[in-house]
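Working notes, structure below.
Residue numbers (my numbering): 1 to 178.
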């Protein structure tokens, strides 16, 4: 973030390899459902995507800087909350719901651009073996948890399913359409 509290962005960061990974991964069957199921349990989908992307690079997910967390809370989460408060069964509000959904997606895109800048690994990445990748994905997902004490049996099952999905279908950096 800049001194004025506004994020420091450029078009390259908005279309970063992390954003491309997110778009590609979201197309994998089951990815959306698993990520959204975790989101209902308090998880951040963008944290899940960051942890997963770093896993494809053979990197561990540790944590995010405060500026990124602030953006998520003040922008992305608030937009999502406003959208979710609108009733789905009122046709007169559908256009507003759609506009808020599009704005929320753009806030997530900015969030991932900020994450890319903050988490951008050096060029010393490697393509992990399947066994190492599975363990790294799982460790990264647990590191992205909002609260380690709140991981119940159902959440463990979602993490296991997402880990298996990532291990089977993870888009490797070379496969991303950059």
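Glycine included, each C-beta is placed from N, C-alpha and C at the ideal position.
Rounded separation between residue i and residue j - CA only
i	j	result
residue 87	residue 137	36 Å
residue 41	residue 85	17 Å
residue 73	residue 134	30 Å
residue 153	residue 38	12 Å
residue 67	residue 156	29 Å
residue 22	residue 111	12 Å
residue 65	residue 106	20 Å
residue 99	residue 131	42 Å
residue 158	residue 43	12 Å
residue 92	residue 102	17 Å
residue 89	residue 97	11 Å
residue 104	residue 71	12 Å
residue 63	residue 146	11 Å
residue 148	residue 167	22 Å
residue 69	residue 15	20 Å
Proximal residues to residue i (C-beta, below 7 Å), its chain only, five neighbours per side dropped
i	result
residue 61	50, 51, 54, 140, 143, 144
residue 28	165, 169
residue 13	113, 116, 117
residue 32	26
residue 108	46, 76
residue 162	34, 141
Own chain residues within Cβ distance below 6 Å of residue i, not counting five before or after
i	result
residue 48	35, 144
residue 30	165
residue 95	none
Beta-carbon proximity list for residue i, same chain, < 8 Å, skipping 5 on both sides
i	result
residue 177	Reliability fails at residue 177, whose pLDDT of 36 lies under 50, so the model's placement of it is uncertain and the value that follows must be treated cautiously. 20, 24, listed in sequence order.
residue 151	142, 145, 159
Identity of the residue in the options nearest residue i by Cα
i	options	result
residue 17	146, 120, 150	120
Say whether the segment 75-84 touches the segment 51-60, bearing in mind that this needs 3 or more beta-carbon pairs closer than 8 Å, one atom from each stretch.
Too few Cβ pairs lie closer than 8 Å, so no.
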